[in-house]
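Just below is one structure, and these are the notes that go with it.
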Amino acid sequence: MIFQKYSSFLLALIVFAVLFAIGMVSPSMWQPIALIMFYIAMGQAFNIFMGMTGYVNFGYVAFLAIGSYGMALGVSRFYQTGIGLWLLFVGFALAIVMAAILSLLVGGIALRLRGAYFAIATIGVNEGLKYLIEGGKFWGGSEGIIISKPMRATFGRHLANSLSTFWADVFLFIIALLAAYLTFRFMHSRVGYALTAVREDEDAAKVMGVNATKYKLIAFIVSSCVAGLIGATTWCLKSTYVFPEDVFEISYTVEAIVIVMLGGSGTLLGPIIGGLIYGICKYWLAVLLPGLQLLILAPLIILIIVAFPGGIVGVIRERIRGTVLDQVIV
Amino acid sequence: MLSGNLLNGIILGAVYGLMTMGLSLIFGVLKVVNVGHGAFIMLGAYVAYWMFTLFGLAPILSVPIGLILGMALGFLFFYLVMKRLLDAPELSTLLATFAIGIFLEEIAKVVWGPDFRGYSWDVGTLHLPIATIPMAKIYALLSSIAIAIALYLWFKKTRAGTALRCLVEDKEGARVCGINVTGFYALSFALGLGFTVLSGVLLTLFIPVGISPYMGGIYTLKAFVIAVLGGLASPWGAFFGGFIFGLVENGSYSLLGLIPNVEPFSLTQFVAFMVLLVILLVKPEGLLGEK
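For the record, the sequence lines run as chains V and U.
As numbered in this note's numbering, the first sequence has no gaps in its residue numbers, which increase by one up to the final residue, 548.
As numbered in this note's numbering, the second sequence has no gaps in its residue numbers, which increase by one up to the final residue, 1039.
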């Protein structure tokens, strides 16, 4: 029984451990694996909200972006205080806080609305925020923030280098692990049960006394905070700059949707499988057909929705129904 | 200065209204939110651009071409994709229309390249006491109003329009009365997209060098604001919502320009988003919507 409950989570751990080991053994594989981990983590964070509630957050990329701004502001504004490595802590904390505030503002308004209206409310979040930053000319405006200089000044050239080439990716592993753990906890808790009820039939859930808006808001904030952490490490720490045109790029939202739908939304292993396949394909497509990834991805989304709405995990589940493996994959 | 700007806002608002009618029609009949709306506007812009640069055709004359292209795509996407998703959860149609939009943008990028393009159709100017307005925009205003009236009459006076209104009221009832529900869904989807592409043709008269594969995103946002202003399911509300939005946009542009050290153009787009959130918060059924 205990094994059954934890089996999916253990499988996730094994996937992460294998990926980490491959990256450690062969240094040339480290960057491709970092890319795959980015997609896995991004899919997991997206899945916490979309998979659990059945609502699509079309402004998802804005939360990664606000997280990367959090880290950039933390590093560039506080590096002269001489707090050494605590600077990273400040950056991550700011990333979480800013993502939480944004998600509270957006979610507080949008989650009172059902289905389609929610999608409409979120679709403008990333454009709106980008135009606010560019138009208001704060946080560097359209020029963005470059943190390579404060990074070098605080940590020294050597450590600053390894922070962006190695440690940023290690943080990504930790965040992916955190996301898997949060998804797992959610699925086996009051929040998860409530959200499943809401996803299947919102009116029935409300009649049963489930506070739908509250639980949706919890999932929304958690999903956004994890997204903020991903943005902070991959887009800010790793690339050492934040440009609004790059971080508010809507294609990341598309990618998150593809990963979750491909793997199977609402499952723990779905985004991990989806991210793994997607990351490998993307790496391969970028070499084979540069610039045409979205052209191939968009029909893929449609195909999955029409033919396999449950994604890969959904198909596997159908196959193993009634066998011993039935309880393993949740 | 301000009154001239507001007059421009009203003229642009007519095109905005037309731009949103298709979105509202599709939502009103199929209960589908076309998240890829802006991509169809973009297609219309390229229709006008190509017809003008390749054949020297006046943009006003490209309007029927836009309508036909949009309707053809509408029927195609309906029977290929949307028909299979009508009974699926809302999530599916949202994702599908989103993906269709991305797909069209990427095709446009392959065909026309990622750069901004434009053309200028010079047919003189109209001098008014408060402003000087290019005649091209006056033509856009007049044709928007004419097209909106045509749709209104079709909706209210013809047999097909009556059947469609029945369908909106009561789907099962309409089916019992012998109305071909799927056929009318296809027709509404096609008409909605037809009007959207058509509005993209007219929009090019306002954006001299603003045609690019990714121009649609901001118009999706604007169309949503307008649709919500007018009550999401009502094409007529949308048309009047367009005027309000045109006024608010141009008015706020003039006002934001007074603040030093900001970029009024970008902030205007942000204001559009804030208007959306505020309306959704205060009156989700729309300012002009009835409940």
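Glycine is no exception: its CB is placed at the ideal position from the N, C-alpha and C atoms.
- Within 7 Å of the CB of residue 355 (chain V), the CB atoms of chain U belong to 1009, 1010, 1011, in sequence order along the chain.
- The beta-carbon separation of residue 994 (chain U) and residue 766 (chain U), rounded to 11 Å, does not stay under the 8 Å limit for a contact.
- When only Cα atoms are considered, residue 404 (chain V) and residue 774 (chain U) end up about 36 Å apart.
- Its chain contains 1010, 1012, 1015, 1016 as the residues whose beta carbon lies nearer than 7 Å to that of residue 1004 (chain U), once the 5 sequence neighbours on both sides are disregarded; these appear in chain order.
- Contact between the region 318 to 333 of chain V and the region 430 to 448 of chain V is present: three or more C-beta pairs spanning the two stretches fall below 8 Å.
- Under the three-state reduction of DSSP output, residue 478 (chain V) falls in the helix class.
- Contact annotation: in the region 962 to 973 of chain U, residues whose CB is within less than 7 Å of a CB in chain V are 965, 966, 968, 969, 972.
- Contacts between residue 481 (chain V) and chain U, judged by CB atoms closer than 7 Å, are missing: the closest CB pair is about 14 Å apart.
- Here the region 524 to 531 of chain V makes no contact with the region 927 to 938 of chain U; the two share fewer than three CB pairs at distances below 8 Å.
- Runs of the beta strand (DSSP E) lying entirely within the region 439 to 463 of chain V and spanning at least 3 residues: none are present.
- Judged by DSSP secondary structure, residue 1028 (chain U) falls within the alpha helix (DSSP H) whose first and last residues are 1012 to 1030.
- Residues of the region 828 to 849 of chain U that bring their beta carbon within less than 9 Å of a beta carbon in chain V comprise 828, 829, 832, 833, 836, 837, 838, 839, 840, 841, 842, 843, 844, 846, 847, 848, 849, in sequence order.
- Interface with chain U (8 Å Cβ-Cβ cutoff): residue 352 (chain V) is included.
- Between residue 254 (chain V) and residue 847 (chain U), the C-beta gap is not smaller than 8 Å, which leaves the two residues out of contact.
- Taking every protein chain shown into account, the CB of residue 407 (chain V) has fewer than 16 other CB atoms within 10 angstroms, so this residue is exposed.
- Here residue 875 (chain U) is bridged, per DSSP, to U:880.
- No Cβ-Cβ contact shorter than 8 Å links residue 468 (chain V) with residue 293 (chain V).
- In the DSSP assignment, residue 933 (chain U) falls within the unbroken alpha helix (DSSP H) covering 929 to 951.
- In the three-state reduction of the DSSP assignment, residue 364 (chain V) falls in the strand class, which pools E and B.
- Runs of the alpha helix (DSSP H) spanning 4 or more residues and lying entirely within the region 323 to 348 of chain V occur at 333 to 341, in chain order.
- Residue 890 (chain U) sits exposed, since fewer than 16 C-beta atoms from the chains shown fall within 10 Å of its C-beta.
- Along the region 362 to 373 of chain V, none of the residues has a CB nearer than 8 Å to a CB of chain U.
- Contact check between the region 904 to 923 of chain U and the region 532 to 543 of chain V: fewer than three CB pairs, one atom from each, fall below 8 Å, which does not count as touching.
- In the displayed model, residue 258 (chain V) falls within a helix according to three-state DSSP.
- For the pair residue 865 (chain U) and residue 1007 (chain U), the Cα-to-Cα distance works out to about 31 Å.
- Close CB contacts of residue 330 (chain V) within its chain, under the 8 Å cut and outside five residues either way in sequence, are with 431 (chain order).
- Going by beta carbons, residue 333 (chain V) and residue 838 (chain U) fall inside the 8 Å limit.
- Listed along chain V, the residues sitting closer than 8 Å to residue 781 (chain U) by beta-carbon distance are 334, 337, 338.
- Nearest in C-alpha terms to residue 816 (chain U), of all of U:941, U:828, U:977, is U:941.
- Look at the region 525 to 542 of chain V: the residues with a C-beta under 8 Å from a C-beta of chain U are 527.
- Taking a 10 Å sphere around the C-beta of residue 998 (chain U), we find 16 or more other C-beta atoms and assign the residue as buried.
- By the rule that beta-carbons nearer than 8 Å mark a contact, residue 851 (chain U) touches chain V.
- For residue 359 (chain V), there is no enclosing alpha helix (DSSP H), since its DSSP letter is neither H nor E.
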